[in-house]
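The next block holds one structure in the form of structure tokens; read it before the comments.
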Amino acid sequence: MDCVGAIDGKHVHASIPIDLKARFHGRKEGTTHNVLVVVSFDLKFMYVLVGWEGSAHDSRILDNALSRPSRLRVPIYIILLLYCI
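Quick note, the sequence shown lines up with residues 25 to 109 if you use my numbering.
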């Protein structure tokens, strides 16, 4: 099976209005954005999805990345493998 790169979520510090802080509270690091990044093996960014609140689960963000108009495009066998892990 071919591998095209690596995918991961990362919490990045965020300055958020007080009325929204609870949604953006990360698991460990305070107020964060949860960012999804796909990088090729030659270290080029292939896809970046920003703006998700820190409390959002990685699977929810991945599902959104695969279904939005500017979606993450990967072969179907890779998607199935991600859900099996």
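The beta carbon of each residue, even a glycine, is placed where N, CA and C say it ideally should be.
Since the structure is predicted, the reported quantities are computational estimates derived from the model, not experimental observations.
Are the beta-carbon atoms of residue i and residue j separated by less than 8 angstroms?
i, j, result
"residue 35", "residue 78", "yes"
"residue 86", "residue 60", "yes"
"residue 63", "residue 29", "yes"
"residue 90", "residue 71", "no"
Note down, in chain order, each residue of its chain lying with its Cβ closer than 8 angstroms to the Cβ of residue i, except the 5 sequence neighbours on either side.
i, result
"residue 48", "38, 40, 55, 56, 57, 77, 78, 79"
Does any residue of chain C bring its CB to less than 8 angstroms from the CB of residue i?
i, result
"residue 29", "Absent from the structure: chain C. Only one protein chain is present."
Going by DSSP, what residue range makes up the beta strand (DSSP E) through residue i?
i, result
"residue 80", "Careful: residue 80 lies outside any beta strand (DSSP E) and carries neither H nor E."
Going by C-alpha to C-alpha distance, which of the options sits closest to residue i?
i, options, result
"residue 94", "84, 81, 73", "73"
"residue 82", "68, 50, 65", "50"
According to DSSP, is residue i helix, strand or coil?
i, result
"residue 33", "strand"
"residue 96", "coil"
"residue 44", "helix"
"residue 86", "helix"
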